[in-house]
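Worksheet for the structure shown next.
Below is the structure:
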């Protein structure tokens, strides 16, 4: 998230995209290593289906966590509907420094309600994604703890 926080401050799109590419490569490398370990545990020499299944569960949770993290970042990049910057592309300019803004409108109860609903929907989506990341991290840690116990048990034998 450090890279994303820096992006949100600087809006350095290119640096952020490069960081995302580097992280994707690292995730792919880790995923390949885990798949190799999973395959090894399924090998007749070891035949530890339980450990292979734990690694598969970790991979599944990591994928979910990555998806939800991306969702959080997309939501934060967009911002709350009521806080998004106004784009003046469709405004009419009479003089270089003056324009008629098409965004000016009377605030009515229906418009305020619609904006409040959009903000609530955004807030709920963000909270849901954050909760999902926390749940995925908890599940990952539980699975890895099980793997640690199993490995410790193998070392004792």
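Residue numbers (the working numbering): 947 to 1103.
Yeah, the Cβ is synthetic: ideal placement off N, Cα and C, and Gly gets one too.
Can you tell me the Cβ-Cβ gap for residue 1061 and residue 1027, rounded? I've got them flagged as a contact below 8 Å.
-> Looking up residue 1061 in the chain shown gives position 115. Looking up residue 1027 in the chain shown gives position 81. Going by Cβ atoms, the distance from residue 1061 to residue 1027 rounds to 6 Å, so yes, they are a contact pair.
Per DSSP, what kind of secondary structure is residue 1026 in: helix, strand or coil?
-> On the chain shown, position 80 is the one that residue 1026 refers to. In the structure shown, residue 1026 falls within a coil segment according to DSSP collapsed to helix, strand and coil.
For residue 949, name the three-state secondary structure that DSSP assigns.
-> As a first step, residue 949 must be located in the chain shown, where it is residue number 3. Reduced to three states, the DSSP call for residue 949 is helix.
Span separating the alpha-carbon of residue 1078 from that of residue 1068 | On the chain shown, residue 1078 is found 132 positions in, with the first residue counted as 1. On the chain shown, residue 1068 is found 122 positions in, with the first residue counted as 1. Cα to Cα, residue 1078 sits roughly 15 Å from residue 1068.
So which of 1098, 1102, 1087 and 1091 has the shortest CA-CA distance to residue 1007?
-> By one-based count along the chain shown, residue 1007 stands at place 61. Measuring from the Cα of residue 1007, the nearest candidate turns out to be 1087.
Straight-line gap, residue 1076 to residue 1015 (C-alpha atoms, nearest Å) | Stepping through the chain shown from its first residue, residue 1076 is reached at position 130. Stepping through the chain shown from its first residue, residue 1015 is reached at position 69. So the alpha carbons of these two residues sit roughly 8 Å apart.
Residue 1089 beta carbon less than 8 Å from that of residue 1003 = For the purposes of this step, residue 1003 is taken as the residue at position 57 of the chain shown. For the purposes of this step, residue 1089 is taken as the residue at position 143 of the chain shown. For residue 1003 and residue 1089, yes; Cβs fall inside 8 Å.
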